[in-house]
Each structure stands twice: as C-alpha cells, then as structure tokens.
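Trainee: Let me begin by handing over the structure; questions about it come next.
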Amino acid sequence: QLQASGGGLVQVGGSLRLSCRDSRSIFSVFSVDTMSWYRQAPGKQRDLVASITSGSSTNYADSVKGRFTISRDNAKNTVYLQMNSLKPEDTAVYYCNFISTVTWNEYWGQGTLVTVSS
Numbered sequence: 041q042l043q044a045s046g047g048g049l050v051q052v053g054g055s056l057r058l059s060c061r062d063s064r065s066i067f068s069v070f071s072v073d074t075m076s077w078y079r080q081a082p083g084k085q086r087d088l089v090a091s092i093t094s095g096s097s098t099n100y101a102d103s104v105k106g107r108f109t110i111s112r113d114n115a116k117n118t119v120y121l122q123m124n125s126l127k128p129e130d131t132a133v134y135y136c137n138f139i140s141t142v143t144w145n146e147y148w149g150q151g152t153l154v155t156v157s158s
C-alpha cells in the first residue's frame, strides 16, 4: 500500500534519500495527518526516527538530530527522509508510516534496507 524506496549500501559518512509514496492511491490528496519513518535493526524493536505533521511540525530521535531531515509533499502523499553523515548504527530496515485524517488508522510501508559499512 505504501511503497518505500531509496535504501541501499553506503559507506560511513555517506548519504541516502528515502522516499515513501501512496502507490495505490489509498489516500486522497491532503488526507494524511502524520507521516513518519521508523527503523528496526536486527534483534531490536522498531523505533521512531522522524515524523512530520500535516502542519509540517517535525520531530526527530536524538540519535539522528542534525543529520536526518524529514519532508513531505502533500499533493503527492509522499514523505522523504534525507540521511546524511550516516553511521554504522543507522543500519536497519526503515519503514514509513502514514496516519489517515479520515479513519485515524495507520498504514505501513514494506520497509527498505539501509546498510552503512565502516
């Protein structure tokens, strides 16, 4: 339902840009409240990385502040995550999450793997 892309293998200090879009037009335009990125490393729980509200207020995990930037395109129901100065500890599967303003249900993307090599 939500298609995440942009993951891959990158060296320490490198950059990646993740995208997540509503590939099946589940949402009408401007009907997504909060868009978020979570990540899950092997053997660990899924944690919030960053979120952005419909009013463009952002929130970041302390571990990524100053390195990651979340943004959104409401007309395309797409969220982005620009990741700079990547570290090995950023290695994880990254999942996008949308919350509908109509049903207040949340929807998840399929995940995209980010691997940072040292």
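In terms of the numbering used here, the sequence shown opens at residue 41 and continues consecutively.
Built from N, CA and C at the ideal position, the CB exists for glycine as well.
1. Report the option in Met75, Val89, Ser111 and Thr74 whose CA atom is closest to the CA atom of Ser103.
2. For Gln80, write down the residues that DSSP places opposite it in a beta bridge.
3. Near Lys127, which residues of its chain fall below 7 Å by C-beta distance, leaving aside the five closest residues on each side in sequence?
4. What are the start and end residues of the beta strand (DSSP E) that includes Arg61?
5. Let's see if you can read the secondary structure: which residues bound the beta strand (DSSP E) around Gly95?
6. To the nearest whole angstrom, what separates the beta carbons of Gly149 and Gln80, a pair I think is in contact under 8 Å?
7. Restricting to Cα atoms, I'd like to know which of Val50, Phe67 and Gly47 is closest to Ala115.
8. Should Asn137 and Asp62 be called a contact, given that it needs their Cβ atoms to be closer than 9 Å?
9. Grouping DSSP H, G and I as helix and E and B as strand, with all else coil, what is Ser125?
Mentor: Put simply:
1. As a working note, residue 103 is residue 63 in the sequence shown. Comparing Cα positions, the closest option is Val89.
2. Within the sequence shown, the letter at position 40 stands for residue 80. BP columns for Gln80 point to Arg86 and Val133.
3. Locating residue 127 in the sequence shown gives position 87, where the first residue counts as 1. Contacts found: Val52 and Val156.
4. Counted from its first residue, the sequence shown places residue 61 at position 21. Per DSSP, Arg61 belongs to the beta strand (DSSP E) from Leu56 to Asp62.
5. Counting from 1 along the sequence shown, the entry for residue 95 is found at position 55. Element bounds for Gly95: n/a, residue is neither H nor E.
6. Against the sequence shown, residue 149 aligns to sequence position 109. Against the sequence shown, residue 80 aligns to sequence position 40. That belief does not hold up - the Cβ atoms of Gly149 and Gln80 are roughly 12 Å apart, past 8 Å.
7. Along the sequence shown, read from residue 1 onward, the residue named residue 115 stands at position 75. It is Phe67.
8. By 1-based counting over the sequence shown, the position of residue 137 is 97. By 1-based counting over the sequence shown, the position of residue 62 is 22. No. Outside cutoff.
9. Here residue 125 refers to the residue found at position 85 of the sequence shown. It is coil, neither helix nor strand.
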